[in-house]
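Remarks on the structure that follows.
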Amino acid sequence: MTVLRNTAGDPAKQQQAIEALAKESDTPIEHVRELYEIEHARLNSQARVKTFVSVIATRLVRNTLHAERTNS
8 MTVLRNTAGD
18 PAKQQQAIEA
28 LAKESDTPIE
38 HVRELYEIEH
48 ARLNSQARVK
58 TFVSVIATRL
68 VRNTLHAERT
78 NS
């Protein structure tokens, strides 16, 4: 039996995170994708251990979106 796993750099898993953040924050997916890609690239370039890059990027984007809502 073949077991499919999402790795930290899996585009499908990243897309799921982006869609969830967009829905949760009622923000256009394009804006969320842009923020996520920036954070993910920044973290990935600095991380020695890549396992939690997606999780941390998601958290940082969520914080950014929350700050944008509060400041508008």
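If you count by the working numbering, then the sequence shown holds residues 8 to 79, one letter each, in order.
C-beta: ideal position from N, C-alpha, C; glycine also.
Note that the structure is predicted; figures quoted are calculated from it, not measured.
What residue from Val62, Lys30, Asp33 has the CA that sits closest to alanine 48's CA? Here residue 48 corresponds to residue number 41 of the sequence shown, with the count starting at 1. Out of Val62, Lys30, Asp33, Val62 has the C-alpha closest to the C-alpha of alanine 48.
Isoleucine 36 to phenylalanine 59 span [Cα, whole Å]: Residue numbering aside, residue 36 sits at position 29 when the sequence shown is read from its first letter. Residue numbering aside, residue 59 sits at position 52 when the sequence shown is read from its first letter. About 22 Å.
Is alanine 29 near valine 39, with beta carbons less than 7 Å apart? Numbered from its first residue, the sequence shown carries residue 29 at position 22. Numbered from its first residue, the sequence shown carries residue 39 at position 32. A contact, by the Cβ cut-off of 7 Å.
So, helix, strand or coil for threonine 58, using DSSP? In the sequence shown, counting from the first residue as 1, residue 58 sits at position 51. The answer is coil: DSSP assigns threonine 58 none of H, G, I, E or B.
If you count every other CB in all the chains shown that lies within 10 Å of the CB of threonine 65, and 16 or more means buried, which is it? Reading the sequence shown from its first residue, position 58 is the one you call residue 65. Per the 10 Å Cβ criterion, buried.
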